[in-house]
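Note that the protein sequences, when read in sequence, are chains A and B. So that you can map any letter, position 301 of the first sequence is 725 in the working numbering, and since no number is skipped, the others follow by simple counting. So that you can map any letter, position 62 of the second sequence is 43 in the working numbering, and since no number is skipped, the others follow by simple counting. Even for Gly, the Cβ is constructed at its ideal location relative to N, Cα and C. Model, not experiment: these values are computed from the prediction. Everything below concerns the one structure shown next.
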Amino acid sequence: MPIFDQGYQHWSGELTDHGWRWLTITRHGVRIGMKNRLLRIALLIAWLPAAVLAFFLCVWGLLEQKSDLVQPLVPFLAAMIGPEIVNDPKAYRVEVWTLAYDYFLLTELRFSMLVILMVGPGLISRDLRFNALPLYLSRPLRRIDYFVGKLGVVVVFLGLVLVVPSLIAYVLGLLFSLDLTIVRDTFTLLLACIGYGAVVSVSAGLLILALSSLSRNSRYVGLFWLAVWFVSSMVGTVLAAVNEEHRMHHQYKRAVEAEQAAQAARPSQVAHPVQPEKTPAGSKQRAGPPQVDHQRIWADIQREQREAAKTDWRPLFSYTTNVSRVGRHWLGADRSWEKLAETVPAEERDRYLLENMGAQYPWYWSAIVLAVLVGLSVCVLNFRVKSLDRLR
Amino acid sequence: MLFHLEGVTKTYGAITALDNLSVTVPAGAVGLLGPNGSGKTTLIRTLLGLIPVDNGTGAVLEMDFHTRQLDIRRMVGFAPEDECLFPGVAGVEFAAYAGELVGMRTKDAMQRAHEVLDYVGLGEARYRRVETYSTGMKQRLKLASAVVHDPKLLILDEPTNGMDPAGREEVLELARDLAHNKGMSLIFSSHLLPDVEAVCDHVVVLGAGRLLAEGRIKDLKQFHPGCFEVRLKAGPAAFARRLNNLGCTTESREDDLLLVRVPDGHSQQTIWQAAADAREQIRFLRPQRSTLEEIFLKAVERP
């Protein structure tokens, strides 16, 4: 029994305008999310790659200044990325920064998927389970405010994983370089990081919201998300690998037969000695005529593989590949790899690019796939999260 | 004026939820009565601007419900019928969040949430997660969330559903207090007539989406000329026989109440005289009025 019961008192405060009402939902969702200890730990761990990125950019800045502090690291860096690059760090500044960000964002993409797994499944499914929609919609909110507010929760957490660390690492790298021309050279990276964060947030955010609206049980939604993440990646990788293996086998067979036919037509010509190179698939040497120039065939195959990779659509099955393909295009990672490839011998260049560049199909294919997913997600949300304009 | 509707029709496919409904209701405590499927919830959703109607116009608190839905919802507090919760929060966070969704600033909403939770009697449970609340506590929490921004109009949709008698009485007392002592208009939707009668002074009776009756409860509960309710110290049977012999018709009601109709040209003096002659002690005598139940049944049964 209260000592002094005031009863009901009127309230005479001002109500804010409707425009930012969605932010209330976002703020509430973030507050609820941050109560999850596992999520807080995941966010902390997700910042470790950012620390590595910041450290690397700082080292590069010091390297550009020929600082004694980083001289002990020079042999290690030279072994890792090549002496030519380390000896002239300013000339490769853009490429090194770009690829550092590329690796960073690729790592953070995985953390993003994990963070979404922790944050996203309950966003709508719990509201459906506890019948919270009438509480939202009977207040001065529209459905779009509800969706944007929920999407905002995902955006905030992905921003913490993808964008904020990128910006902090950039500033740290800039501070240690003590060279303002770095802003001129690399400011597009900042824009790319923000754009990449936006693409991941919107596409993955809407996707998890759509999945979340499909079930009242957030565990099932979590499983859906894992399926989107892992199964799509596996399907994309397996299809691409099988196709590559198949193509390589045919190319090799065709090339060897062509070589043998050519030699048969010129019996007097001295054949090249057999090179002790590993064959494409890592298999043993084929038992065939010994005078086949495997090295040249292998180089041709690498070149053809690179060409074929530009039209290979199979990685499109992987959700994460699609996201990273768009991000890598915006970062300009492919251009950077091509420039770095100029430092390796010409005959190894195709192999070098093939190993490092990843999916090579046009980036807008992935953009289209993501746009379709966004459209589907919006349709599902519209269908599943109904207004109250219905009979009970 | 609390709300005004003119020729409002709302259909869901082949089902007509509101059928050319026209009604004007003054400010105060209004009971919305009707059997299940009569259109009460559709009417509430229409008033809140949650659904577009097929035809008709109207206004709530002088605001057109076609064009100013969001403004209406800022001025109205609504506690839905179904069990609904914002999951994963404590009671005080729930009420504060409800306030923020209406547009209150975070600090104001939290402060106000504490006040209203005290008011509805959930002060002790404010830090408990709402999923652990009992049905009665959830109803009171919904009420607290509906009034957190001090609305001009409070809409309660079946607020006593599933509650035990004590909890029901508490909710009715809160609704009564808000409507009669705090100057808040109230729309109280229910199919429980005693609840409406306990809280409201105006009633709108709906049936199959049509307006069946509307007006002040006091006016609707008409006097029945020549009819009286009588309760005696002793049992009513012998006295009823005596009255019958005098030309009166009698009917026993529950709780030893005797309903007496005196012949034309007679007055209650006939009853007093009969009691004096029989040396009976009258404990209670008043002219008979229609009960809300009678009004409701009469309205619903009307073709």
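Collapsing the DSSP output to three states places residue 681 of chain A in a helix.
In this structure, DSSP gives residue 565 of chain A a state outside helix and strand, which the three-state scheme calls coil. Excluding sequence positions up to five before and after residue 738 of chain A, its CB lies within less than 7 angstroms of the CB of 660, 663, 664, 667, all in the same chain and listed in chain order. Leaving aside the five residues that flank residue 493 of chain A on each side, the residues in its chain whose CB is nearer than 7 angstroms to its CB run, in chain order, 486. Taking C-beta separations shorter than 8 angstroms and ignoring five residues to either side along the sequence, the partners of residue 457 of chain A in its chain run 463, 542, 543, 577, 581, following chain order.
For residue 653 of chain A, the CB contacts under 6 angstroms within the same chain, skipping 5 residues up- and downstream, are 537 in chain order. Apart from the 5 residues on each side of it in sequence, residue 58 of chain B sits with its Cβ closer than 6 angstroms to the Cβ of 127, 128, 132, 135 in its chain, given in chain order.
When secondary structure is reduced to three states using DSSP, residue 44 of chain B falls in the strand class. Taking a beta-carbon distance threshold of 8 angstroms, residue 744 of chain A does not count as an interface residue toward chain B. At a cut-off of 8 angstroms between beta-carbon atoms, residue 435 of chain A makes contact with chain B. Around residue 572 of chain A, the same chain offers 446 as residues with beta carbons nearer than 7 angstroms, after the five sequence neighbours per side are excluded.
Between residue 632 of chain A and residue 568 of chain A, the gap from beta carbon to beta carbon reaches 8 angstroms or more.
Annotated three-state conformation of residue 514 of chain A is coil, per DSSP. Between the segment 54 to 72 of chain B and the segment 545 to 562 of chain A there are three or more C-beta pairs closer than 8 angstroms, enough to call the two in contact. When secondary structure is reduced to three states using DSSP, residue 208 of chain B falls in the strand class. Excluding five sequence positions before and after residue 657 of chain A, the CB atoms of its chain that fall closer than 8 angstroms to its own CB belong to 742, 743, 744, 745, given in chain order. In terms of beta-carbon proximity, residue 32 of chain B lines the interface with chain A, with at least one pair separated by less than 8 angstroms. In the structure shown, residue 170 of chain B adopts extended strand secondary structure according to DSSP, grouped into three states. For the pair of segments examined, the segment 211 to 220 of chain B was found not to touch the segment 16 to 33 of chain B: the number of CB pairs separated by less than 8 angstroms stays below three. Residue 269 of chain B is a Cβ neighbour of residue 208 of chain B, given a cutoff of 8 angstroms. Each residue's CA atom was taken as its position, placing residue -12 of chain B and residue 2 of chain B some 5 angstroms apart. In terms of beta-carbon proximity, residue 456 of chain A lines the interface with chain B, with at least one pair separated by less than 8 angstroms.
At a beta-carbon threshold of 8 angstroms, the residues of chain B lying near residue 812 of chain A are 26, 31, 32, ordered along the chain. Here the alpha carbons of residue 526 of chain A and residue 516 of chain A stand approximately 15 angstroms from one another. One alpha carbon belongs to residue 111 of chain B, the other to residue 776 of chain A, and they sit about 59 angstroms apart. Taking the CA atoms as reference points, residue 257 of chain B sits about 17 angstroms from residue 210 of chain B.
Under the Cβ criterion (8 angstroms, minimum of three pairs), the segment 518 to 533 of chain A counts as touching the segment 462 to 481 of chain A. Contact annotation: residue 32 of chain B and residue 41 of chain B have beta-carbon atoms that are not nearer than 8 angstroms. Assigned with DSSP and collapsed to three states, residue 189 of chain B falls in coil, not helix or strand. For residue 490 of chain A, the three-state secondary structure derived from DSSP is coil. Within chain B, the residues whose beta carbon sits less than 8 angstroms from that of residue 556 of chain A are 65, 66, 67, 68, listed in sequence order.
Secondary structure at residue 107 of chain B: coil, using DSSP grouped into helix, strand and coil. Only those residues of the segment 211 to 237 of chain B whose C-beta falls short of 8 angstroms from the nearest C-beta of chain A would be listed, and there are none.
Residue pairing by DSSP places residue 507 of chain A opposite no residue, since no beta bridge is assigned to it. If the five residues before and after residue 592 of chain A are omitted, its C-beta is found closer than 7 angstroms to the C-beta atoms of 474, 478, all from its own chain and listed in chain order.
Taking 8 angstroms as the cut-off, the Cβ atoms of residue 153 of chain B and residue 159 of chain B do not count as close.
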